[in-house]
Amino acid sequence: MKSLEDQLVVITGAGGGIGVTMVRRFREAGARIVACDVSAEALGDLDAAHKEVFDLGNPDACKEACARIQTSAGLPDVIISNAGHTRAETLEQVDDRAWNFELDVNLNGARNFTAPFLDPMKARGSGVFVFISSVNALAHFGNPAYAAAKAGLVAYARAIATECGRYGIRSNTICPGSVRTHAWDHRIEKDPGILDKVSRLYPLGHMVTPDDVANAAVFLASPLSAGITGVTLPVDGGLMAGNLPFIDAIR
Ligand SMILES: NC(=O)c1ccc[n+]([C@@H]2O[C@H](COP(=O)([O-])OP(=O)(O)OC[C@H]3O[C@@H](n4cnc5c(N)ncnc54)[C@H](O)[C@@H]3O)[C@@H](O)[C@H]2O)c1
0 MKSLEDQLVV
10 ITGAGGGIGV
20 TMVRRFREAG
30 ARIVACDVSA
40 EALGDLDAAH
50 KEVFDLGNPD
60 ACKEACARIQ
70 TSAGLPDVII
80 SNAGHTRAET
90 LEQVDDRAWN
100 FELDVNLNGA
110 RNFTAPFLDP
120 MKARGSGVFV
130 FISSVNALAH
140 FGNPAYAAAK
150 AGLVAYARAI
160 ATECGRYGIR
170 SNTICPGSVR
180 THAWDHRIEK
190 DPGILDKVSR
200 LYPLGHMVTP
210 DDVANAAVFL
220 ASPLSAGITG
230 VTLPVDGGLM
240 AGNLPFIDAI
250 R
């Protein structure tokens, strides 16, 4: 499917488990990529036309990166806001520092890096945003600060969809379920059996893959979804469809 031929697609968190897969899938769809990450090392050998290293937790750095991208690569057609981070697993672990840090990276950073593109996209009359949120935005699965930030992303994506739709801009959110990436390394270190336990919670019987998320992002970025804006799409193996452990308990 070459549905994004020559489109300029910006991907944040491009060096992470889902990001690397997105870069590959968007390249296969014909896109030119601007790969962004806080880690230059993570961007390594990625097949990207342009690379940007900056910290989403730094508002000035976000704005400067937006300006550099427009000068050196052009005004993006598509922004995939994918970077994310969490460590504070439960309320007990959420102190002021953790709350502010996780809100800054996951919500404020996504806003700081996308808002500067809105006016030029409105003037051009086109633009697509895909925000990678989480099932944590839809129900509580731990990580309270991250969950609040991810729910905020859903609201922000809807604001763009509603207020900017008349300028040809679409904005949607993907809510992945659990995906085996480096984001799980610290949990696996604590409990080597955790992936099996978590997989049993999913109606499909397994966790989501990075390709599952990347394929949904390509669809929402492409003209195949031209009539879709403001939606929140779980890519979650059925997790949000119901409560499988409850069903198993009463069977
Ligand atoms: N892995 C999962 O189970 C899962 C589930 C639901 C949602 N998600 C979301 O999917 C997205 C991708 O996650 P992943 O699993 O690939 O994680 P990952 O840890 O493999 O990759 C995240 C990437 O974001 C980058 N990043 C982190 N903090 C940053 C910052 N301050 N500034 C710029 N870049 C930063 C990291 O360097 C990394 O390359 C995230 O938004 C995450 O919240 C992941």
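Using numbering that gives the first Met the number 0, read the sequence shown as starting at 0 and increasing by one per residue. Glycine included, each C-beta is placed from N, C-alpha and C at the ideal position.
Inter-stretch contact at 8 Å, needing at least 3 Cβ pairs: the stretch 184-203 / the stretch 8-24: no
Segment contact, 8 Å Cβ cut-off, at least three pairs: the stretch 83-95 with the stretch 60-67: no
Alpha carbon of GLY126 to alpha carbon of LYS189, nearest angstrom: 42 Å
Terminal residues of the alpha helix (DSSP H) in which ILE246 lies: 243-249
When PRO244, GLY236, LEU219, VAL230 are compared against ILE78, the one with the closest alpha-carbon: LEU219
Helix, strand or coil at GLU91 [DSSP, three-state]: helix
Reduced DSSP category for HIS181 - H, G, I as helix; E, B as strand; rest coil: helix
Contact under 9 Å by Cβ, ASN105 with LEU152: yes
Three-pair Cβ contact test at 8 Å for the stretch 16-29 versus the stretch 91-106: no
Beta-carbon proximity check, ASP247 vs GLY176, cutoff 9 Å: no
HIS205 beta carbon near ligand 1 (any heavy atom closer than 8 Å): no
Span separating the alpha-carbon of SER38 from that of ASP195: 30 Å
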